[in-house]
Amino acid sequence: CITIYELNNSEVSLYVWHETSKKVGSNEFTSYLIDYIRNIADSYKEVVLISDGCNYPNRNKVLSSASSNIAVEKFIVLNQLHLEKGRTMMEADNVHFTLEQYFKPTINSPMDYVARMRVARPKQPYKIEVLNYDFFFKYDDVPTNLPSLYFLHPHAHRYKSSCRIGSESCMI
Numbered sequence: 001c002i003t004i005y006e007l008n009n010s011e012v013s014l015y016v017w018h019e020t021s022k023k024v025g026s027n028e029f030t031s032y033l034i035d036y037i038r039n040i041a042d043s044y045k046e047v048v049l050i051s052d053g054c055n056y057p058n059r060n061k062v063l064s065s066a067s068s069n070i071a072v073e074k075f076i077v078l079n080q081l082h083l084e085k086g087r088t089m090m091e092a093d094n095v096h097f098t099l100e101q102y103f104k105p106t107i108n109s110p111m112d113y114v115a116r117m118r119v120a121r122p123k124q125p126y127k128i129e130v131l132n133y134d135f136f137f138k139y140d141d142v143p144t145n146l147p148s149l150y151f152l153h154p155h156a157h158r159y160k161s162s163c164r165i166g167s168e169s170c171m172i
């Protein structure tokens with residue numbers, strides 16, 4: 001389960017899939033994140049993503065290339081901030097804690113998780129996307145002009161519709 005928490009309205013989106021059909025790697029992480037941004041981009045000129053400190057899914061060439069592409073496609077500024085691993089708490093952590101309480105009774109099938117997610121927040125229910133194999137895009141097969149990545153700040157990246165990754169004017 002991957003969690004997105006919108007700070008401006010407290011909406012929570014959960015992307016759920018069975019890990020036997022797809023692993024949890026950069027393509028999977030990038031697929032759900034780009035899908036989410038694509039769905040909200042028409043409502044915002046600037047999007048700020050605050051990611052946990054997990055380096056592999058959050059800081060890689062695949063995600064950076066896709067983030068740059070979506071910024072150009074949707075004419076937005078996309079800022080990605082990385083929190084310090086093990087030293088911070090995010091609103092999504094509260095969502096995970098709530099879900100863990102609902103997962104304590106016996107789980108008989110993978111869909112039991114989804115059923116419990118649906119009732120875990122009665123006043124403002126979680127938006128749950130149950131994904132199948134066809135949802136995921138193989139972003140690492142997309143041609144890129146990024147031979148290597150160099151970021152001026154290890155905890156923040158900025159992608160603009162008018163910039164290419166690697167140019168100083170695009171970095172925070």
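Residue numbers (full-length UniProt numbering): 1 to 172. Note that the Cβ used here is the ideal one computed from N, Cα and C, for glycine as well. It should be emphasised that the depicted structure is a prediction, and the values quoted were computed from it without experimental measurement.
Query, Result
"Kindly list the residues whose CB is nearer than 8 Å to the CB of P147, restricted to its own chain and excluding five residues on each side of it in sequence; keep chain order.", "Confidence in P147 is poor, its pLDDT being 45 and thus under 50, which makes the residue's placement too unreliable to answer from."
"On the CB-based measure, 16 or more other CB atoms within 10 Å of its CB, does M89 come out buried or exposed?", "exposed"
"So, with DSSP's three-state summary, where would you put G138?", "It should be noted that the sequence gives Lys, not Gly, for residue 138. Reduced to three states, the DSSP call for K138 is coil."
"Less than 7 Å between C-beta atoms, sequence neighbours within five positions excluded: which residues of the same chain meet that for R116?", "Y102 and F103"
"Distance check for V77 and G86, CA to CA, integer angstroms please.", "28 Å"
"Give the DSSP-derived three-state secondary structure of N108 in the structure shown.", "coil"
"Please confirm whether S65 and V142 have their CB atoms less than 8 Å apart.", "yes"
"Evaluate contact between the segment 112-132 and the segment 7-18, counting only Cβ atoms and requiring at least three cross-stretch pairs below 8 Å.", "yes"
"From the DSSP output, in three-state form, read off H18 for me.", "coil"
"Mind checking who Q80 pairs with in its DSSP beta bridge?", "L49 and H157"
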